[in-house]
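First to last, the sequence lines map onto chains A and B.
Heads up, the first sequence is in my numbering, so the first residue is 1 and it goes up one at a time.
Heads up, the second sequence is in my numbering, so the first residue is 330 and it goes up one at a time.
Yeah, the Cβ is synthetic: ideal placement off N, Cα and C, and Gly gets one too.
Predicted model, so just to flag it, every value in this text is computed and none were measured.
Protein chains: 2
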Amino acid sequence: MTRQNQAPTMKDVAKEAGVALGTVSKVVNGIPVGEEYRTRVENAIEKLNYRVNSYAKGLKSNKTYIIAVMMPNLVSPFFARLTDYINKALTQRKYRMLFYATDYDPEQEQEYVILAEQQKVDGIICLSYNPNLKVSENVPLVSIDRYFGAAIPCVASDNYSGGQLAAEKLIENGCRNLAFMRIGSRLTNEPNKRKDGFVNTCEVRGIPYTLKIVEDGTPYSAFEDFLQEHIKEGKLEFDGIFCVTDSLAHQILVSLDRLGIRVPQDVQIIGFDGAQYFGDMEYYCSTIVQPLEDIAETCVNMVLQDRSAKVPSLVCLPVSYAYGGTTRG
Amino acid sequence: MTRQNQAPTMKDVAKEAGVALGTVSKVVNGIPVGEEYRTRVENAIEKLNYRVNSYAKGLKSNKTYIIAVMMPNLVSPFFARLTDYINKALTQRKYRMLFYATDYDPEQEQEYVILAEQQKVDGIICLSYNPNLKVSENVPLVSIDRYFGAAIPCVASDNYSGGQLAAEKLIENGCRNLAFMRIGSRLTNEPNKRKDGFVNTCEVRGIPYTLKIVEDGTPYSAFEDFLQEHIKEGKLEFDGIFCVTDSLAHQILVSLDRLGIRVPQDVQIIGFDGAQYFGDMEYYCSTIVQPLEDIAETCVNMVLQDRSAKVPSLVCLPVSYAYGGTTRG
Numbered sequence: 001m002t003r004q005n006q007a008p009t010m011k012d013v014a015k016e017a018g019v020a021l022g023t024v025s026k027v028v029n030g031i032p033v034g035e036e037y038r039t040r041v042e043n044a045i046e047k048l049n050y051r052v053n054s055y056a057k058g059l060k061s062n063k064t065y066i067i068a069v070m071m072p073n074l075v076s077p078f079f080a081r082l083t084d085y086i087n088k089a090l091t092q093r094k095y096r097m098l099f100y101a102t103d104y105d106p107e108q109e110q111e112y113v114i115l116a117e118q119q120k121v122d123g124i125i126c127l128s129y130n131p132n133l134k135v136s137e138n139v140p141l142v143s144i145d146r147y148f149g150a151a152i153p154c155v156a157s158d159n160y161s162g163g164q165l166a167a168e169k170l171i172e173n174g175c176r177n178l179a180f181m182r183i184g185s186r187l188t189n190e191p192n193k194r195k196d197g198f199v200n201t202c203e204v205r206g207i208p209y210t211l212k213i214v215e216d217g218t219p220y221s222a223f224e225d226f227l228q229e230h231i232k233e234g235k236l237e238f239d240g241i242f243c244v245t246d247s248l249a250h251q252i253l254v255s256l257d258r259l260g261i262r263v264p265q266d267v268q269i270i271g272f273d274g275a276q277y278f279g280d281m282e283y284y285c286s287t288i289v290q291p292l293e294d295i296a297e298t299c300v301n302m303v304l305q306d307r308s309a310k311v312p313s314l315v316c317l318p319v320s321y322a323y324g325g326t327t328r329g
Numbered sequence: 330m331t332r333q334n335q336a337p338t339m340k341d342v343a344k345e346a347g348v349a350l351g352t353v354s355k356v357v358n359g360i361p362v363g364e365e366y367r368t369r370v371e372n373a374i375e376k377l378n379y380r381v382n383s384y385a386k387g388l389k390s391n392k393t394y395i396i397a398v399m400m401p402n403l404v405s406p407f408f409a410r411l412t413d414y415i416n417k418a419l420t421q422r423k424y425r426m427l428f429y430a431t432d433y434d435p436e437q438e439q440e441y442v443i444l445a446e447q448q449k450v451d452g453i454i455c456l457s458y459n460p461n462l463k464v465s466e467n468v469p470l471v472s473i474d475r476y477f478g479a480a481i482p483c484v485a486s487d488n489y490s491g492g493q494l495a496a497e498k499l500i501e502n503g504c505r506n507l508a509f510m511r512i513g514s515r516l517t518n519e520p521n522k523r524k525d526g527f528v529n530t531c532e533v534r535g536i537p538y539t540l541k542i543v544e545d546g547t548p549y550s551a552f553e554d555f556l557q558e559h560i561k562e563g564k565l566e567f568d569g570i571f572c573v574t575d576s577l578a579h580q581i582l583v584s585l586d587r588l589g590i591r592v593p594q595d596v597q598i599i600g601f602d603g604a605q606y607f608g609d610m611e612y613y614c615s616t617i618v619q620p621l622e623d624i625a626e627t628c629v630n631m632v633l634q635d636r637s638a639k640v641p642s643l644v645c646l647p648v649s650y651a652y653g654g655t656t657r658g
């Protein structure tokens with residue numbers, strides 16, 4: 001690699017323009033100089049195709065205008081879309097995104113946080129699966145979906161209300177025997193509140209409900225077995241199911257089709273997330289939509305804000321319901 | 330923001346350890362020093378929670394270990410998954426990804442290339458929609474899907490073979506009257522070769538075919554109108570359709586359902602990309618699968634390789650066929 005030797009430096013520009021190094025520096029940094037000097041420097045910059053060394057600039061100003069974003073992956077449409085919005089929000093503010101995929105690995109996450117700090121990023125936005133994540137006080141961090149305590153701001157959908165909304169919609173559509181299905185990590189995180197909200201509404205409204213909750217790693221067949229056990233004389237006991245994610249709802253829909261149970265005639269299904277075919281087409285199913293754009297904007301605003309300002313420890317953003325063909329309305 | 334003032338410097342470490350600055354530098358950079366000195370420096374680093382300033386390091390070595398990756402967005406599952414693989418390939422080689430979303434905007438792309446160069450990235454991997462993109466010779470750039478001439482290496486799927494394979498599969502499955510459907514940019518790019526390969530096989534095999542090609546921005550209804558025009562007495566004239574992407578195939582499937590044409594009984598459909606539900610579940614349709622992981626690995630190897638080595642101008646990677654329910658096999 002010889003490119004750095006060839007790239008013109010600020011010195012080369014000064015020589016070409018016949019001005020002092022300080023004059024070039026002023027022009028590059030937007031500090032006023034005499035019109036003639038400015039023109040000479042600009043012409044020299046253009047002639048030599050000189051690029052400002054942001055790296056050196058970052059070192060001086062102690063700002064890199066780079067934010068590290070950590071997600072498990074970009075394969076899940078939820079993570080991909082959220083990252084897309086975060087990147088948009090950063091770009092609008094002239095910041096850049098350094099991306100890290102954690103693959104749900106707590107150790108990997110810890111390593112990336114240290115790396116990001118070494119890289120002197122101006123902040124970290126992180127969707128973490130490491131409840132013991134250690135972060136330096138020097139680099140602001142905003143967490144999505146995982147609450148680390150009052151010192152670290154956490155941004156999430158209003159998952160509790162989402163659970164309530166799902167139960168309300170099913171009841172409103174005539175369901176009288178509900179089920180909740182969940183596969184997920186045992187760790188405390190904001191999405192766990194979906195169940196709590198759902199249960200709360202069922203109890204307030206006096207609607208019977210059954211919970212089928214399994215841990216990450218359990219084969220999906222556990223859900224199909226559960227459904228099969230609850231089919232009596234060709235009829236599913238439940239007439240409404242709330243699934244913790246659209247992805248699980250999709251699998252449940254495939255199972256129900258296989259079992260000969262019709263949706264939404266025999267049972268209505270609501271998922272959670274608001275996932276769409278190919279990222280921007282129809283919803284996969286009727287769903288509680290997470291406000292991804294708002295989450296992204298909020299995270300970016302919080303990670304960039306003045307550290308002396310008081311930041312809330314948890315911000316929950318309102319969700320909404322979208323019809324996607326698997327309910328009666 | 331006061332954090333940079335609080336962060337310990339190499340000087341602080343030297344003072345704490347009671348050694349010379351050069352000794353700290355050696356330890357940090359992995360250069361051997363006496364065991365006792367190393368221990369003292371390491372203890373001081375730990376005590377002060379000192380982080381190596383990669384920024385300063387990058388400035389010195391003229392390497393940042395950062396590669397800029399430019400994609401139109403992360404909403405499309407194709408771009409998201411490709412970016413995920415590129416990031417994985419970079420991470421394995423201890424590089425980081427600085428991500429830019431271009432939103433298909435040629436001017437935005439040009440600006441980002443300049444920005445990335447200013448950021449002193451070690452290279453750029455770019456899926457571009459700007460045929461006139463200007464890049465500096467100082468920063469290696471690898472292009473995905475768009476050929477910019479011999480000086481800039483381009484990595485793509487073997488789109489021509491993919492078109493041939495789609496036609497062959499349809500013919501093998503009994504189709505005798507084919508159609509090709511495409512919506513896309515008028516710009517020359519590698520995916521355009523899908524049509525050429527398809528046409529080539531139809532002609533070699535003596536199978537009649539019809540092309541329906543519209544430009545970006547045309548309302549989708551143009552395709553549904555086209556299908557309707559080719560329904561005679563309730564029967565679609567074509568018995569096989571090759572769609573330029575899975576996303577278009579999906580829309581065609583929705584139209585056919587609306588028009589009462591059964592898939593795969595009346596007409597068989599093959600898409601292109603290999604898109605999967607939720608990124609990793611079933612294929613949306615029978616499809617020609619792009620080797621995204623291989624594309625990512627190849628791009629990363631090429632962008633990092635020694636610039637004095639000869640690089641090929643175009644690398645086409647083999648595609649494969651996957652059954653996804655919309656064909657007879």
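The stretch 288-328 of chain A is shown to contain whole beta strand (DSSP E) runs of 3 or more residues at 314-317, 320-322, in chain order. 7 Å or more divides the Cβ of leucine 350 of chain B from the Cβ of alanine 80 of chain A. For the 7 Å CB-CB criterion, proline 401 of chain B and tyrosine 433 of chain B form a contact. Counting other Cβ atoms within 10 Å of its Cβ, glycine 260 of chain A stays below 16 and is therefore classed as exposed. The stretch 207-279 of chain A contains, as complete beta strand (DSSP E) runs of 3+ residues, the segments 209-215, 240-243, 268-273 (chain order). Taking a beta-carbon distance threshold of 7 Å, glycine 123 of chain A does not count as an interface residue toward chain B. Under the criterion of beta carbons closer than 8 Å, leucine 304 of chain A and aspartate 266 of chain A do not qualify as touching, at roughly 50 Å. For alanine 346 of chain B, the uninterrupted alpha helix (DSSP H) segment begins and ends at 339-346. From the beta-carbon of lysine 417 of chain B, the residues of chain A found nearer than 7 Å are Ala101.
For alanine 409 of chain B, no beta strand (DSSP E) segment is defined; the enclosing uninterrupted segment is the alpha helix (DSSP H) at 406-421.
DSSP places arginine 505 of chain B outside both helix and strand once states are collapsed to three, so it counts as coil. For cysteine 531 of chain B, the enclosing alpha helix (DSSP H) stretches over residues 522-534. Judged by their CB atoms, valine 289 of chain A and serine 247 of chain A are not nearer to each other than the 7 Å cut-off. Interface with chain B (7 Å Cβ-Cβ cutoff): glycine 217 of chain A is excluded. Leaving aside the five residues that flank glutamine 251 of chain A on each side, the residues in its chain whose CB is nearer than 8 Å to its CB run, in chain order, Tyr220, Phe223.
Using a CB distance below 7 Å, the part of the stretch 452-466 of chain B facing chain A consists of Ser465, ordered along the chain. Among the CB atoms of chain B, none fall inside 7 Å of the CB of phenylalanine 226 of chain A. Here tyrosine 612 of chain B is bridged, per DSSP, to B:Gln605. The residue among A:Arg51, A:Val204, A:Ile31, A:Thr23 with its C-alpha nearest the C-alpha of serine 465 of chain B is A:Arg51.
Relative to the Cα of glycine 603 of chain B, the nearest Cα in the group B:Ala445, B:Gly452, B:Val640, B:Ser486 belongs to B:Ser486. For valine 404 of chain B, the residues of chain A that pass the 8 Å Cβ criterion are Ala80, Arg81, Asp84, Gly279, Asp280, in the order they occur in the chain. Neighbours of leucine 427 of chain B in chain A, taken as residues at a C-beta separation under 9 Å, are given in chain order as Ile66, Arg96, Met97, Leu98, Phe99.
A straight line joining the alpha-carbon of cysteine 126 of chain A with that of proline 153 of chain A spans about 11 Å. Around the beta carbon of lysine 120 of chain A, a 10 Å sphere encloses 16 or more other beta carbons of the protein chains shown; the residue is thus reported as buried.
The secondary-structure analysis by DSSP pairs tyrosine 65 of chain A with nothing; it has no beta-bridge partner. If you ignore the 5 residues before and after alanine 578 of chain B, its C-beta comes within less than 6 Å of the C-beta of Cys572, Ile598, Gly600, Cys614, all in its own chain and listed in chain order. Within the stretch 162-196 of chain A, contact with chain B at the beta-carbon level (separation under 8 Å) is assigned to no residue. Of all residues in the stretch 435-448 of chain B, the ones placed with a Cβ closer than 8 Å to any Cβ belonging to chain A are Ile443, Leu444, Glu446, Gln447, Gln448, in chain order. Non-local beta-carbon contacts of serine 255 of chain A in its own chain, meaning distances under 8 Å to residues more than five positions away in sequence, involve Phe223, Glu224, Leu227 in chain order.
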